[in-house]
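Note sheet for the following structure.
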Amino acid sequence: MTSPEFSGVFRKLRELFGVREERPPIVDRPTDLELPWAPGAENTIQDMLDSLGFPWRASCQELIDRFGLVRHPAYDWEQSPIMPCPLSLDGLLYPISPQLSRIALRDQVPQGFSGSIWIKTDPLANLRHAHRRMAELLGPAPIGVRNNTVSSIWRAGPARISLTVWPPKLQPSGWNRNIPAHERTGG
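Okay, here's the thing in structure tokens:
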């Protein structure tokens, strides 16, 4: 995994020497990238997570026992940050963590995981940064506008990975911009 400091240096060198990265276009109402799967069997997303050692099969309590339980610094909810990140995502502002709500049953697997990436103040640059890594792992999914978000989604049966940003330009005029976490994460 490249450390955030080195990835920033590499980005700056690419900018200075004119190396251009291919950017997938942003489309309107993109379709999800549907990956192979069969009912009752493993699927492409689960296989990828298993191959990287991502603990998606662990119960909430097992994750808490292994990674600890802390308050999220921006959103003030409980989290169990999975570190180091098995997905090798650099630029993580907040580590990937299972969704541990007050109603989550600790003996069951989490309903989902989330994390926040911040490499620039531009939400689309952050999305594209994460998209490059996920495209390496699962193939390129379309990036596009869905209502007031820009997102990219990989789906294999019941499993789903989504990257989502809430660019300020897509938010309604009355959108509450007084949420401290939104100031930090762009969304």
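The working numbering puts the first residue of the sequence shown at 3, with every later residue one more than the last.
Just so you know, even glycine gets a beta-carbon here, dropped at the ideal spot from N, CA and C.
Fair warning: this is a prediction, and the values are worked out from it, not measured in the lab.
Could I get the ranges of all uninterrupted alpha helix (DSSP H) runs contained in the segment 123 to 166, with 4 residues as the minimum, in chain order?
125 to 140
Handout entry: C-alpha gap between A43 and G55, whole angstroms
Key = 19 Å
Contact under 8 Å by Cβ, I163 with V152:
no
### Message
Check whether the segment 32 to 48 and the segment 80 to 100 are in contact - that is, three or more C-beta pairs closer than 8 Å.
### Response
no
**Study point:** For E44, three-class secondary structure by DSSP
**Key:** coil
*So what does DSSP say about L54, is it helix, strand or coil?*
helix
* Exposed or buried, what is A158 when buried is set at 16 or more other beta-carbons lying within 10 Å of its beta-carbon? -> buried
Original post:
Can the beta-carbon of P100 be found less than 8 Å from the beta-carbon of P88?
Top reply: no
| task | Give the DSSP-derived three-state secondary structure of I66 in the structure shown. | result | helix
Practice item. Could you tell me if T46 is buried or exposed, where buried requires 16 or more neighbouring beta carbons within 10 angstroms of its beta carbon? Key: buried
Does DSSP classify M85 as helix, strand or coil?
coil
Bridge-paired residues (DSSP) for S175 = S175 is not bridged to any residue.
Exercise for review: Could you name the residues of the same chain whose beta carbon sits closer than 8 Å to that of N128, not counting the 5 residues immediately before and after it, in chain order?
Suggested key: G93, I119, W120, I121, K122, V167 and G188
Check: Roughly how far, in whole angstroms, is the beta-carbon of R25 from the beta-carbon of R130, given that I think they are within contact range, below 8 Å?
Finding: 6 Å
- prompt: Under a three-way DSSP split, which group does D49 fall into?
  reply: helix
**Study point:** Proximity of G117 and P86 at Cβ, strictly below 8 Å
**Key:** no
Buried or exposed: L165, going by 16 or more other Cβ atoms within 10 Å of its Cβ?
-> buried
| request: Please say whether A132 and L172 have beta carbons closer to each other than 8 Å? | output: no
Quick check on the DSSP output: the beta strand (DSSP E) that includes D30 runs from which residue to which? I28 to D30
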